[in-house]
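Residue numbers (this note's numbering), protein chains in the order written: chain D, 6 to 187; chain Z, -10 to 612. The structure under discussion appears below in the form of C-alpha cells.
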Amino acid sequence: MGSELSRNFFELFDLPVAFRIDRRDLAERYRILQGLTHPDRFASAGDQERRLAVQKAAQVNEAYQILRHPLSRARYLLELQGVEFDGQRDTAVDPEFLMEQMELREALAAIPAAAEPLQEYNALVARLDDSMRKLEARVAELLEQDTDSARAEAKSLVLKMQFMDKLQQEARALEEALLDTH
Amino acid sequence: MALLQISEPGQSTAPHQHRLAAGIDLGTTNSLVASVRSGVAEALPDENGEVLLPSVVRYLPDGVVVGAAAREAASEDPHNTLVSVKRFMGRGLDDIQQRYPDTPYRFRAGESAVPRMETAAGEVSAVEVSAEILRVLRARAEKTLGGELEGVVITVPAYFDDAQRQATKDAATLAGLKVLRLLNEPTAAAVAYGLDQRAEGTVAIYDFGGGTFDISILHLNKGVFEVVATAGDTALGGDDFDQRLADWLREQAGTGAEGHHGQRREALDEARRAKEVLTTQDSVAVRVPREDGSVWEGSLTRETFEQLAAPLVERTLVSCRRALRDAGLEREDIDAVVMVGGSTRVPLVRAKVGEFFGRDPMVDIDPDRVVAVGAALQADVLVGNKSGDELLLLDVIPLSLGLETMGGLVEKIIPRNTTIPVARAQDFTTFKDGQTAMSIHVVQGERELVQDCRSLARFSLRDIPPMVAGAARIRVTFQVDADGLLSVTAREETTGAQASIAVKPSYGLSDDEVAQMLSDSMAHASEDVAARKLREQQVEAERVLEALEAALAADGEALLDAAERAAIDAAAAQLRAAMSGEDDRAIKQAIDALNAATTEFAARRMDNSIRAALAGHRVDEFD
C-alpha cells in the first residue's frame, strides 16, 4: 500500500474521470480536502507531518485549479487519455478561425480610441464569452463519445479555447486600463 | 477529522494542560500581544496598563530600551533610536534609501545582503530590531500567562512579499519564539470580528496602519476564509499623514528644508499629536520650535489637514478598485467593510471608505487591537487548545512569482492570488555539453522586466550529471507554504539525480547569519546557549512522540503491518532514550530517524482520512 501522491486529480477528488462536473459539488469537495490537508491542521505536529501536509495541500490546490476551469479540465482529461499537447507544433488551427481571431484582435485594439469604449468593450466581451461557451459545449459532447476521432476534434477545439482564453485575458488587461483612466 | 487532532479528550494517555499561545501584531508604529484566557481573546497590558508597545528601539552603549521610553528619546537621539523599521524588513539598501530618503539612520552595506544601521551598541539589522520588540512582548505574555509560550501567530500585511515574511520569521526565531503561522493582518481582523460565524458572505478588510495599507477581499463560506484578492501599498501609511503634516508645519514655521534631525523629529511629534486631536475636534493649536530657538505657534483646522491627507486616502481607494477587479466583484457585492489600523480613526478615512463602498464600515473593535485579537484566537486553535474544525484560513500569494529568462524578461510560474500552499514544477535543460551547474533567478512582482520586479533569491543548481547539451531535464519545484514562504528543490529527471541548491537571498539573512545572531543574542543575554538548545530539542521530541502516540492509537492497527509497527516502535524507543540524555544533537538525530520511519505511515493516514471524508460526502449526496 503506497502513498497516493501520484493519483490523478479526479481520483483525488473521488470523482469519475469525466468532463462534466458539478461546480458546487467540486467546491464542496475542495473544502473538505483543504480541511484535512491544510498545514494549519498540523501546526503542532512534527516537522515531517507539516511538510507532508504542505505537499498534499498544494496538490489539492493545483487539482482544484485544473478541474474548476473548463479549458484546463478538458486539456487535462485529454492528456490522461493519451492525447499529447505540444506547444511548438500545435499552433495550426483552421484558417477561418484564425481570420476570426485577427478580426477580434483588431476590434479589441480599436476600443480605446472608440467614442464609447466601455460599451464597445462590453459588446466584445459578450461575444468572446459566447464563443467560449459554444466551444465548451461541443468539447463536452465530444469527450463523452470516447473515440479517437472525437478526441482529435476535441483537441483542436481545446487549442481554439486557448486562443480565446488568451484574448479574454488581453481584454481583461484592457479593462483595467480603461477603468484606470475613467 | 478527529484522527488528525492530537488533543482529542480521552484518546491520549495523559490529560492535556492548557497550552500557552499568543497572537502578536508586529506593527510599523505600535506592536501588541494578545492571548485567549478563559475563552476570551484580549490584548495583554504591560505593568503600567499600556497595551500598545511603540515599535521603537533605542540602542545605548550598555543596553537596549524598547517602547514608549525609546520613542521619547527619538528627538534627542535620532541615530540610535530606530522607528518604524518594519518598513525596512526584507528590503535592500538601495530600495530603502530610494523609498525613505529622509530617515536619520546611518545605513551600512555589509557583507550580508541585509543592510545594517550603525548605533551606539554596534550595527543592527531591521530583523534584530524587530526581535527586540518581540522579546519584550514575549516577556510580557509569559509573565502575564505564567509560563513559557508554546507558539505564536504573528501577523504580516497581506501584501508582504517572500523576503518580508522571511525577515519576520527570522526575527521571531531570534526572539526565541516558535511561529505557528504568519497570518495576514486582514484575515486576523476577520477572525476577531467573528465573521467565521456567518454562513456566507464577502467582506472587505480596509487596513490602514502606521506604515502600510492593505485591502483584502475575503469570501466566507461555512467557516472557511478565502482571501480572493488582495492589493495595497507597503509604503503608504498614517506615518505619511504625519510626514505631510510635519512638512506643512515646518513650512509655516519657516524652517529650512535642511533642518537638523532633532527639529524634524519634534515637528513630526507635533504633527502626530495634532492629527489625533483632529479626530474629535475641528481645529488644534500647534507649535513648532525653530532652529534658532524661537517657537512658531499657529492653528491647524481639520479642513487643512484633510486637504493634505486627501491624496493619500485617494491612493488607498485606487487599491480598493484594483482588489475588486481582481476578485471579479462590484462594490455592491461587498457585504461588510471592516476597519483596521490606527489611521482608520481619521474621520476623512471613514467617510471616504463609507462613500466608496456605499455602506458604513465596521468600527466596533478597537482598530489598533483587532488584528492581535484575531491572531490570538487563531493561535489558540493552532496550538491545540480548541478544535479548529470549523475554522480554516485559506490565503493567497500576494505577488506573482517568476523566473528571469533571456533578455531580462520574467516568466511567471505562480500568478498572484493563487491559493497557498502551492507547488509548481518547471523543467530546465542545459545549453552546453557537459554542463553541471546552472543558475536560477527568482523574482516577485507583476511587471514584465526583471529590473521592475523584486529580486528574491538566486539559486545555483550543482551536481547536474554531465550530458550533451539539451539532454538533461532538470525539474525545479517551487513550493510556497501556508506562511507564503518559498522553497525550491531540483531533480534531474532522466537520471533521478538530486541537484543540490545553494540559495543566495537577495535581501534576506542566510541560515548561518540567523544562527550566528541567535548565539550572539543569547551570549549577550548571558543565557545558557547549550541548555536552551537542549530544551528546544526536548520540547520538539515530546511533541513528536505525543503526536505519534495519538496516531498509533487511532490508526496503528489498521494501517501498519507487524514489521512496520516494530520499526516505528524501535525508532520511538531510541528517541525516548536520547531524550533523557544531555546531547541536543543526539535528540535531533533520533527525531529525524523517527520521522523517516513514520513518513509512509503519515502519508497513509492522510490519504485514509481523505478517502473517508469524501466517502461520507458521497453518502450525504444521495440521502
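Built from N, CA and C at the ideal position, the CB exists for glycine as well.
Rounding to the nearest angstrom, what Cα-Cα distance links L38 (chain D) and Q468 (chain Z) in this structure?
19 Å
For a test of your reading of the model: does the CB of R600 (chain Z) fall under 7 Å from any non-hydrogen atom of the ligand COA? Yes or no.
Of the ligands one can find in the structure shown there are none, so the ligand COA has no counterpart to examine.
Opposing strand residues paired with V25 (chain Z) [DSSP bridges]
Z:A30
What do you get for V275 (chain Z), buried or exposed, if any count of 16 or more other CB atoms within 10 angstroms of its CB means buried?
buried
Give every residue of the same chain whose Cβ lies closer than 6 Å to the Cβ of S476 (chain Z), excluding the five residues on either side of it in the sequence, and list them in chain order.
Q468
How is the beta strand (DSSP E) around T670 (chain Z) delimited, first residue to last?
The question about residue 670 (chain Z) has no answer here: the residues shown for chain Z are numbered -10 through 612.
So, with DSSP's three-state summary, where would you put A176 (chain D)?
helix
Minimum Cβ-Cβ distance from A63 (chain D) to chain Z less than 8 Å:
yes
Do you know how far the Cα of S20 (chain Z) is from the Cα of A130 (chain Z)?
13 Å
Specify, as a first and last residue, the run of the alpha helix (DSSP H) that G227 (chain Z) falls within.
G227 to A242
Here's the rule I'm using: 16 or more other beta-carbon atoms within 10 Å means buried, otherwise exposed. How should V307 (chain Z) be labelled?
exposed
In chain order, what residues of the same chain have a beta carbon less than 8 Å from the beta carbon of T268 (chain Z), not counting five sequence neighbours either side?
R334, V335 and P336
Terminal residues of the continuous alpha helix (DSSP H) containing G363 (chain Z)?
V359 to L371
So for V457 (chain Z), helix, strand or coil by DSSP?
coil
Who does Q433 (chain Z) pair with in a DSSP beta bridge?
Z:L390 and Z:R443
Provide the residue(s) that pair with D384 (chain Z) in DSSP beta bridges, ordered along the chain.
Z:I409
Run through chain Z and tell me which residues come within less than 7 Å of L57 (chain D), C-beta to C-beta.
A591, A592 and M595
Does the distance from the CB of G473 (chain Z) to the CB of I409 (chain Z) come in under 8 Å?
yes
Go ahead and label L85 (chain D) buried or exposed: buried means 16 or more other beta carbons lie within 10 angstroms of its beta carbon, across all protein chains shown.
exposed
For V284 (chain Z) and P278 (chain Z), what's the separation of their Cα atoms in angstroms?
4 Å
H208 (chain Z), buried or exposed, once every other Cβ within 10 Å from all chains shown has been counted against 16
buried
Please decide whether D170 (chain D) counts as near chain Z, where near means a Cβ-Cβ distance under 8 Å.
no
G373 (chain Z) at chain D interface by Cβ criterion, 8 Å:
yes
Anyone know if the C-beta pair for E321 (chain Z) and L313 (chain Z) falls short of 8 Å?
no
Range covered by the beta strand (DSSP E) that runs through N210 (chain Z)
F202 to N210
Considering Cα atoms alone, identify which of Z:L225, Z:A559, Z:M595 and Z:D66 is closest to S332 (chain Z).
Z:L225
Going by beta carbon distance, what residues of the same chain come within less than 8 Å of L297 (chain Z), once the five residues before and after it are set aside?
F230, R233, L234 and W237
Chain Z contact for Q173 (chain D) (CB, 8 Å cutoff)
no
Applying the 10 Å Cβ sphere with the 16-neighbour rule, what's the burial state of D384 (chain Z)?
buried
Could you check the C-alpha separation between V352 (chain Z) and P50 (chain Z) for me, to the nearest Å?
43 Å
Does any C-beta atom of chain Z lie closer than 8 Å to the C-beta of P44 (chain D)?
yes
Return no unless some Cβ of chain Z is closer than 8 Å to the Cβ of L41 (chain D).
yes
So, using beta-carbon positions, are I143 (chain Z) and V168 (chain Z) closer together than 8 Å?
yes
Can you name the residues that DSSP bridges to S428 (chain Z)?
Z:S449
What's the C-alpha gap between G343 (chain Z) and M427 (chain Z)?
53 Å
Does the CB of S77 (chain D) have a neighbour CB from chain Z at under 8 Å?
no
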